[in-house]
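Note that our numbering gives residue -8 to position 1 of the sequence shown, counting from 1, and the numbers run on in steps of one. Please read the structure below before turning to the comments.
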Amino acid sequence: MDAEFRDKLTQVFLDSIAETQQRSGREVQVMTEDTIPFTDLVNFDSHSGVEVEVLLSMRLGFEIQDIPFCEGGHESRELRVSEIVNALIKKYGAAIPKALKNSREQLVTN
């Protein structure tokens, strides 16, 4: 996946997080690729993660399941946005650029 599509996926992911925070009545904080959602965002929890999955799926036009916000077992480590995006790219591969291209075309034609 080229850098343009990776950047676009990152932005769509961050937009999904921001919308989740906003819908929950929480402050929408400044986020970057270094943001760790579970530790850096006010009251972001596993329920928020599910909402992000739904919004991201809607934005991409296909179902995203089990966004990896953490890795490991009992003593898991929370992941940064950049690590989550990398995991999504690894899991969904070629479907992401196609979905991003289609969503951009729909925005242009509507």
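Don't be surprised by glycine CBs; every beta carbon is placed ideally from N, CA and C. None of the values given here were measured: they were computed from a predicted structure.
For residue 43, the CB contacts under 7 Å within the same chain, skipping 5 residues up- and downstream, are 7, 8, 11, 58 in chain order. A residue is called buried once 16 or more other Cβ atoms fall within 10 Å of its Cβ, and residue 35 is buried on that count. Around the CB of residue 67, fewer than 16 other CB atoms lie within 10 Å, so the residue is classed as exposed. Secondary structure of residue 42 (DSSP, three-state): helix. For residue -3, DSSP assigns no beta-bridge partner whatsoever.
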